[in-house]
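J.: First the structure, then my questions, so here it is.
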Amino acid sequence: MQRLRAIWRNLFRKHIVDGTLDEEIRSYLQLLVDEKISAGADSETAQREAAMEVGAIEMIKEQVRDVRRGAFLESLWTEVRQSVRALRHNPGMAAMCALMLALGIGASITIFSVFEAALLRPLPFRDSNQLVELVETRLDRGMDRVAFAEADFWDLHDRTKSFEHVAAYHGNEANLTDDQPEKVSAPQVTVEFFRTLGVAPILGRDFSADEGSANVAVLGNKFWKAHYGGNANILGRVLRLSDKNYTVVGVLPAGEPWIDDQVYLPFPYHPNADRGSWEYSVVGRLAKGVKPEAAKTELQRLAGLLAAANPKEDKGIGFEVLPSRRWIAPDSTSAALRFLLLAVGLLALIACVNVANLLLARGLARQREIAVRIALGAARARLVRSVMLESLLLSTLGALLGLGLAAVGVRILRLVEIQGVPRLDEVSLNPWVLLFTVGVTLVTSVLCGLAPALQTPVQGIVSALRESDRQTGASRRQGRLRSMLVTAEVALAFLLLVSAGLVMRSFQTLLNENRGFATTHRLMFSVSYPESYGENGRGKQFIDSFLERLSTIPDIISSGAVGVRPVTGPNYGMGIEAAAHPLTAGSPPWAGWRIITPGYLRTVGLPVVRGRNFNETDKPVWTERGQPPPSHRTVMLSNALAKLLFPNEDPIGRHALLWKGQGGPEAEVVGVVGDSLERGLDQGPALTVYLPYGRVGLPSEFVLETRGNPLAVVPSVRAAIKRLDPNLPLADIRTFDDVVSRSVSSQRMNSVVLVTFSGFALLLASLGIYGVLSYSVSRRTSEIGLRMALGASESSILRITVGQGLLPAILGITIGGAIAALLSSYLKSLLFGIQPFDLSTYAAVSALLLVTAAIACFIPGRRAMKTDPAIALRLE
Amino acid sequence: MPPSANIALLQGTLDVLILKVLALEPMHGLGISRRIAQVTNETFQVKPGSLFPALHRMEEAGWLSADWGESENNRRAKFYRLTKRGQRQLKQETDNWSRISAAMAGALEIP
Chain X
1 MQRLRAIWRN LFRKHIVDGT LDEEIRSYLQ LLVDEKISAG ADSETAQREA
51 AMEVGAIEMI KEQVRDVRRG AFLESLWTEV RQSVRALRHN PGMAAMCALM
101 LALGIGASIT IFSVFEAALL RPLPFRDSNQ LVELVETRLD RGMDRVAFAE
151 ADFWDLHDRT KSFEHVAAYH GNEANLTDDQ PEKVSAPQVT VEFFRTLGVA
201 PILGRDFSAD EGSANVAVLG NKFWKAHYGG NANILGRVLR LSDKNYTVVG
251 VLPAGEPWID DQVYLPFPYH PNADRGSWEY SVVGRLAKGV KPEAAKTELQ
301 RLAGLLAAAN PKEDKGIGFE VLPSRRWIAP DSTSAALRFL LLAVGLLALI
351 ACVNVANLLL ARGLARQREI AVRIALGAAR ARLVRSVMLE SLLLSTLGAL
401 LGLGLAAVGV RILRLVEIQG VPRLDEVSLN PWVLLFTVGV TLVTSVLCGL
451 APALQTPVQG IVSALRESDR QTGASRRQGR LRSMLVTAEV ALAFLLLVSA
501 GLVMRSFQTL LNENRGFATT HRLMFSVSYP ESYGENGRGK QFIDSFLERL
551 STIPDIISSG AVGVRPVTGP NYGMGIEAAA HPLTAGSPPW AGWRIITPGY
601 LRTVGLPVVR GRNFNETDKP VWTERGQPPP SHRTVMLSNA LAKLLFPNED
651 PIGRHALLWK GQGGPEAEVV GVVGDSLERG LDQGPALTVY LPYGRVGLPS
701 EFVLETRGNP LAVVPSVRAA IKRLDPNLPL ADIRTFDDVV SRSVSSQRMN
751 SVVLVTFSGF ALLLASLGIY GVLSYSVSRR TSEIGLRMAL GASESSILRI
801 TVGQGLLPAI LGITIGGAIA ALLSSYLKSL LFGIQPFDLS TYAAVSALLL
851 VTAAIACFIP GRRAMKTDPA IALRLE
Chain P
1001 MPPSANIALL QGTLDVLILK VLALEPMHGL GISRRIAQVT NETFQVKPGS
1051 LFPALHRMEE AGWLSADWGE SENNRRAKFY RLTKRGQRQL KQETDNWSRI
1101 SAAMAGALEI P
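Read top to bottom, the protein sequences are chains X and P.
Once you know that position 811 of the first sequence is 811 in my numbering, the rest is easy, because the numbers rise by one and skip nothing.
Whatever position you read off the second sequence (first residue = 1), add 1000 for my numbering.
This is the structure we're talking about:
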């Protein structure tokens, strides 16, 4: 406290300090003069002599100022200088420590900064913790998260009291025809959508309450910048979207990617809205002081009312309130990131153990010096402080290097990871990351310094001084401590290696799954149709002539179209049942439905395993406006679905009830299609109903099988479509391989990161083992010499030393294995196709660690073996 | 001037001397200087150039505190006194010094 006051006074009230100092010196001078006068000198002589004796007043003042400024920093500064000198004394070791810490800290910063951006940074909305997502549930059918039916939303909207606002969002696409036709994301939202999110337009206005049916549009910020160059005069401009005109009334501020790059259109209240089709995302802003649980209770009560009022559609309905945080990162991503954070913690810990070990060894070598310093009166606290300071210096150095490594690390992650981790582009060195860095630095410096600091001799100074530095009881104790550190390090490395091995194997399993479809030499792109294509068969005409044109392009082997992009597209589903004999047990299966052209199955390599493929005679199952309902409906089923609906019988010719529970029609099964991983590689064979395309069923995702590079045909495809309709944009052009690869990018990132980390861990662990053993060999030189002089063979010396080094490693592997087995259930959610306790992975990791340890032991062991007994004994 | 006046003060010596003379009573700068000369039989002559930095350093370390007061012949002067911390420091330094001087005496074989 006093010190703080002094610093404050020196720094900020310098003139006052100088003033009193001046006065003090003058008073000293005056007293001196008085003294001389009273001793008999005359006034003038006294003055002169006194001035001479005091000397230059300014110089004294300067000296005092130096002292004052320095007093605070002085003691700390000497210690820092001492530590720096100690580190420079052994630059190799210092560099080694700093590098190891840089590795650990750098990796930690990398993962934390990704974690921070993805999971900690709040949504850019007002009071985002009051924002929730609402979903319907049909727990009786095993569905815990389904989208809202429109009518259910309006009922909830009118009756709920828990929310300030609720709003619905319906994803949609439209063709923007300005000069170049383009497919844009044009979601429809209820007019309260932006008020619910808490976003106010930066230009113009929000939708007004009565604008549900108006032809107005609000632009996302990125959309505005990309399409109109951020033109401030955009308000009032008319956009042509899928052949309709919309007037721009507002522009949103920059925000999350999913709210940024689109044009929003309002959608109106429908009094007789559909209750059977689950298509709407619903967001709600909780009223002030209402907890999510309370809102959920109210919604459950409403669900009961809905189920009673609409027994046909709303049987078993329920609602769930989900935190808005999920909008940024899906649960699987946040689980993966949490796990990586844990893994990187292990790596940093290993680095700390290694540095602690090195500092211990160094401390041992300096034992006599330390004993001398204690004997000369150095306070023990000061010695401990100096060790801690050294470790802090090393950690700081490591952290500075680590920040550099992290910058590289994030860049590498961006290359590896394509889609899975949100906001990866926004990862930055912000205050949170810096705070984390400081925290990690402090923790590592304590972890690294603790063991070496505590080993400063308590008693036994005399013996330490007297001892010949070899074979002391204390050093044996330290040898044990160092072996324990190696054991810990190997155990930690084991944990990391096992999780890396498991995740890597699971990723391999995932990639090697039998997908059903073929992905190489396949091109995918999507086309979106204007509303006019739904009338008079224009859409079907377009698809037919487009496919025909494509078939004339030489490099295209076959082509087809499907309603939803495989693997990554949304899932439109229906309840389905065999018409003749409904399943008695449980509820009807939920199957995805896909509209396909006859050529689609061949193009993606899916076989028709029974019955026949669709042909021109098969028409959509829906009724065209103004036409009678189709007299004969046909469908194909995926193999798994056919087996489920028609066990022990031939499904061909049987009838299935479509859209079960929603009053759907019956259709004849004409074919069975081979199973495929249509819902994602980790989802297993999908239950799929294939529906024929036609005038009222227009598939918009095209697939081509090509000779050679699929992307090479893109220009010809563009030309073909332009000849048919210059206003139709192509979008999302990718190879099928790319589509699949992106769908597993978070798994890929996990395995790449974990494998990198475990490589580092292995390196650090082997360095640790090597360090301990080579040190102990050098200390035992004379003992080894004696043994050899007494006739021990070289190989027995090698055996002894290697054995000594391997022992802690083997212990570490055992302990690591036990801990890994205990924690393995934690990994379960991240794994696919293999068990968390996978014996072969454990065995491989043990073997790898053992071999690495053996190599690390062998080098110092060989040195021991080559010991010349004569020289070794002379050292004593 | 006695020849011994040239003896360079060992590091830390001045501090302990100042602490020692202030242990008796508060004093101003010149007083401290004179008293040190007196108790060391004129071995140490403390010049203002070393005295003031030492005083200020020790004040900042919390060993001394200072107040303005009247000198014996009614001059304004800054008086230094020992704090609790200064007393502890004096005790510790005294112990150190007795150890060192015994060790040095033994080493140099001074009877």
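Built from N, CA and C at the ideal position, the CB exists for glycine as well.
Determine the extent of the alpha helix (DSSP H) in which ASN221 of chain X is found, giving its start and end residues.
T.: Start and end: 221 to 228.
J.: Roughly how many angstroms lie between the CA atoms of ASN272 of chain X and GLU150 of chain X, to the nearest whole one?
T.: 9 Å
J.: Ignoring anything shorter than 3 residues, give me the beta strand (DSSP E) runs that lie fully in the segment 637 to 701 of chain X, in order along the chain.
T.: 655 to 657, 666 to 673, 688 to 692
J.: Counting beta carbon pairs with one atom in the segment 383 to 392 of chain X and one in the segment 113 to 131 of chain X, are three or more of them shorter than 8 Å?
T.: no
J.: Which residues of the segment 1065 to 1080 of chain P have a Cβ closer than 7 Å to any Cβ of chain X? Give them in chain order.
T.: Under the 7 Å Cβ criterion, the segment 1065 to 1080 of chain P contributes SER1071, ASN1073, ARG1075, ARG1076, ALA1077, LYS1078.
J.: Taking only the alpha-carbon atoms, compute the straight-line gap between ALA102 of chain X and GLY1049 of chain P and give it to the nearest angstrom.
T.: 48 Å
J.: What residue range does the alpha helix (DSSP H) around ASP896 of chain X cover?
T.: Past the edges of chain X, shown from 1 to 876, lies residue 896 of chain X, and the structure says nothing about it.
J.: If we call anything under 7 Å between Cβ atoms a contact, is LEU252 of chain X one with PRO201 of chain X?
T.: yes
J.: By the 10 Å Cβ neighbour count, where 16 or more other Cβ atoms means buried, how is ALA491 of chain X classified, buried or exposed?
T.: buried
J.: For GLN471 of chain X, does the three-state DSSP call read helix, strand or coil?
T.: Note on GLN471 of chain X: pLDDT 48, under 50, position unreliable in the model; the coordinate value appears next. If DSSP states are grouped into helix, strand and coil, GLN471 of chain X belongs with coil.
J.: Given a threshold of 16 other Cβ atoms within 10 Å of its Cβ, counted over all protein chains shown, does GLY289 of chain X qualify as buried or as exposed?
T.: exposed
J.: Using the beta-carbon count (16 or more within 10 Å), is ASN175 of chain X buried or exposed?
T.: Buried, because 16 or more other Cβ atoms sit within 10 Å of the Cβ of ASN175 of chain X.
J.: Using a Cβ-Cβ cutoff of 9 Å, what residues of the segment 1029 to 1057 of chain P are near chain X? List them in chain order.
T.: GLY1029, LEU1030, GLY1031, SER1033, ARG1034, LYS1047, PRO1048, GLY1049, SER1050, LEU1051, PHE1052, PRO1053, ALA1054, LEU1055, HIS1056, ARG1057
J.: Taking 7 Å as the threshold (C-beta atoms), are ILE797 of chain X and MET865 of chain X in contact?
T.: yes
J.: Is ALA719 of chain X helix, strand or coil by DSSP?
T.: helix
J.: What did DSSP end up calling ILE576 of chain X once you bin it into helix, strand or coil?
T.: coil
J.: By the DSSP assignment, the beta strand (DSSP E) with PHE546 of chain X in it spans what residues?
T.: Per DSSP, PHE546 of chain X belongs to no beta strand (DSSP E); it is in the alpha helix (DSSP H), 538 to 552.
J.: Write down the C-beta distance between SER61 of chain X and ASP22 of chain X rounded to the nearest angstrom, noting that I regard them as a contact closer than 8 Å.
T.: Note on residue identity: the sequence assigns Lys, not Ser, to residue 61 of chain X. Sure, about 7 Å apart at Cβ, within 8 Å.
J.: Starting from VAL372 of chain X, find everything on chain P with Cβ-Cβ shorter than 8 Å and list it in chain order.
T.: What VAL372 of chain X touches in chain P: nothing, since even the nearest Cβ is about 13 Å away.
J.: Give a yes or no on whether 7 Å exceeds the smallest Cβ distance from ILE37 of chain X to chain P.
T.: no
J.: Using a beta-carbon distance below 7 Å, is LEU76 of chain X in contact with chain P?
T.: no
J.: Closer than 6 Å by C-beta to GLY104 of chain X: which residues in its own chain qualify, once you throw out the five before and the five after it? Chain order, please.
T.: LEU347, ALA348, ALA351
J.: Report yes if the CB atom of LEU806 of chain X is closer than 7 Å to the CB atom of ALA853 of chain X, and no otherwise.
T.: yes
J.: So is THR552 of chain X buried or exposed if we call it buried at 16+ other beta carbons inside 10 Å?
T.: Exposed, because fewer than 16 other Cβ atoms sit within 10 Å of the Cβ of THR552 of chain X.
J.: Is the segment 540 to 556 of chain X close to the segment 205 to 212 of chain X, with three or more CB pairs under 8 Å?
T.: no
J.: Going by DSSP in three states, ILE595 of chain X sits in which element: helix, strand or coil?
T.: strand
J.: For GLY573 of chain X, which of X:ALA579, X:LYS722, X:PRO588 has the nearest alpha-carbon?
T.: X:PRO588
J.: Can you check whether the C-beta of GLU24 of chain X is within less than 7 Å of a C-beta belonging to chain P?
T.: So, interface residue.
J.: Taking its Cβ as the centre, do 16 or more other Cβ atoms sit within 10 Å of THR26 of chain X, making it buried, or is it exposed?
T.: Here residue 26 of chain X is Arg; the residue named in the question, Thr, does not match the sequence. When all chains shown are included, ARG26 of chain X counts as exposed.
J.: Exposed or buried, which one is GLN459 of chain X when buried takes at least 16 other CB atoms within 10 Å?
T.: Low per-residue confidence applies at GLN459 of chain X: pLDDT is 48, beneath 50, and the placement is therefore not dependable, though the value from the model is reported in the following sentence. The residue is exposed, with fewer than 16 neighbouring Cβ atoms inside 10 Å.
J.: Does DSSP put TRP622 of chain X in a helix, in a strand, or in coil?
T.: Coil, per DSSP.
J.: From X:MET52, X:SER751, X:GLN82, pick the residue whose C-alpha is nearest to that of GLN508 of chain X; which is it?
T.: X:SER751
J.: So ASP34 of chain X contacts chain P; which residues on that side make the cut at Cβ distance below 8 Å?
T.: ASN1073, ARG1075
J.: Quick check: what's the CA-CA separation for GLU1070 of chain P versus LEU29 of chain X?
T.: Straight-line spacing of the CA atoms in GLU1070 of chain P and LEU29 of chain X works out to 15 Å.
J.: With DSSP collapsed to three states, give me the class of GLY1062 of chain P.
T.: coil
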